[in-house]
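Heads up: the structure comes next, in structure tokens.
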Amino acid sequence: MQLAARDLSTLDAQYYHDLFFARAVTLAGYAILVAEAFEALPDEARHIWPARWSTVKVLYVINRYGNLVLLGASTLQTLGIWRSTAHDFCYNSTLALSLIQFTSYASVHVLVLLRAWATWGRHVKILLVLAALFVVYAVASIAILTWGIVSVGSFSWILWIPSLILECAIFVLTMVSIRKFDFHLHLACQLPIVRVIIRDAILYFILTLFSSLFNIFVWVFYGDRPLNLLGTSFTLCLMIPAGQRLVLDLRKVSSNDSLSTTRVGREVDRAIEAMAPSRTPSPIVFAERSLASNDPLIPLAQVKAHGVAEIAEVSAANV
1 MQLAARDLST LDAQYYHDLF FARAVTLAGY AILVAEAFEA LPDEARHIWP ARWSTVKVLY
61 VINRYGNLVL LGASTLQTLG IWRSTAHDFC YNSTLALSLI QFTSYASVHV LVLLRAWATW
121 GRHVKILLVL AALFVVYAVA SIAILTWGIV SVGSFSWILW IPSLILECAI FVLTMVSIRK
181 FDFHLHLACQ LPIVRVIIRD AILYFILTLF SSLFNIFVWV FYGDRPLNLL GTSFTLCLMI
241 PAGQRLVLDL RKVSSNDSLS TTRVGREVDR AIEAMAPSRT PSPIVFAERS LASNDPLIPL
301 AQVKAHGVAE IAEVSAANV
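This is how it looks when you write it as structure tokens:
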């Protein structure tokens with residue numbers, strides 16, 4: 001629905017109903033974002049703020065508090081509280097808010113990419129693959145976004161395709177990494193950090209899939225109505241907390257677990273190398289054989305609490 005200022009008299013009851021519904025859902029989404037921020041504050045004070053400054057911590061802080069401010073401004077504009085009678089206000093605000101929303105989505109994707117890289121042991125090759133995926137996603141999204149702002153057409157829904165492809169690729173890479181760990185070490189189910197990685201990855205992927213498909217549905221069927229506002233702030237307010245939980249939950253479980261996310265990936269590589277017949281038997285293999293033969297020197301509770309690497313050290317000391 002393309003309306004000029006002189007066409008305001010043509011707005012019907014359906015338009016006002018759509019606008020009211022879009023505003024209510026947008027406000028509800030921002031309320032969820034604010035409520036989740038307050039709910040996570042104690043965990044942040046315990047697990048995020050005392051940690052040393054790193055790339056992940058900087059991105060987390062920007063993603064958390066920057067998005068609260070930026071999406072607050074977007075919500076005010078959607079509610080009609082932030083408005084102006086200037087001729088170019090609508091275009092400028094649309095351009096600014098579109099870039100803000102893209103930046104917010106991108107910051108969430110970067111957090112997920114870093115976690116996927118960590119599960120692969122921070123290998124340079126994996127980093128290059130993930131970086132290439134992100135660059136392709138960013139270029140495609142910016143191009144589609146620019147085209148959509150200049151000329152809103154019936155194909156605006158393709159804006160969400162690059163994000164959907166990127167998240168599917170990240171999810172597959174994460175699950176493959178965890179599957180390798182489970183297959184080679186046989187003890188992954190006993191490690192809390194692995195359970196958290198799998199749980200959060202699945203939940204985040206489901207939410208991402210829902211958000212992308214929801215946005216595509218909205219723009220395909222309601223692209224020319226105010227209901228297209230549902231495909232911006234609301235789903236973003238759901239994805240941001242989910243992405244932040246990927247970091248926060250790992251920090252929480254890492255404080256009680258002997259393996260970090262990066263060590264999960266590195267233990268995979270050590271186990272694979274230990275399987276080669278031309279190499280000297282690895283202490284990891286020794287630990288597994290000891291467990292298979294019911295070695296009384298290694299209590300099962302200790303296996304569950306400390307994982308393979310630590311059990312190998314205990315076994316070597318008892319030989």
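The letter at position 302 of the sequence shown is residue 302 when you use full-length UniProt numbering, and the numbering goes up by one with no holes.
Think of the CB as a built atom: it goes at the ideal place given N, C-alpha and C, for glycine as much as any other residue.
For Asp224, there is no enclosing alpha helix (DSSP H), as DSSP marks it with neither H nor E. Counting along the chain, Phe89 sits inside the alpha helix (DSSP H) bounded by residues 89-119. For Phe38, the number of other beta carbons within 10 angstroms of its own is below 16, and it is reported as exposed. The beta-carbon separation of Ile206 and Ile178, rounded to 16 Å, does not stay under the 8 Å limit for a contact.
According to the DSSP assignment, Asn67 belongs to the alpha helix (DSSP H) that extends over 67-79. Comparing alpha carbon positions, the residue from Ile81, Leu111, Ser98, His123 closest to Leu250 is Leu111.
Between the C-alpha atoms of Val253 and Arg195 there is a straight-line separation of about 10 Å.
Look at Ile165 here: in three-state DSSP terms it is helix.
The DSSP-derived three-state label of Ile48 is coil. Of all alpha-carbon atoms in Pro226, Gly243, Ser156, Ser233, the one lying nearest the alpha-carbon of Ile216 is that of Ser156.
Cβ atoms of Leu227 and Asp18 come within 8 Å of each other, at about 5 Å.
Separation of the CB atoms of Tyr137 and Ser163 is rounded to 7 Å, and the pair is thereby assigned contact status at 8 Å. Within the same chain, and ignoring the five residues on either side of Gln77 in sequence, the residues whose Cβ sits closer than 8 Å to its Cβ are Arg83, Ser93, Leu97. For Leu133 against Leu145, the beta-carbon gap comes to about 18 Å, at or over 8 Å, which does not count as contact.
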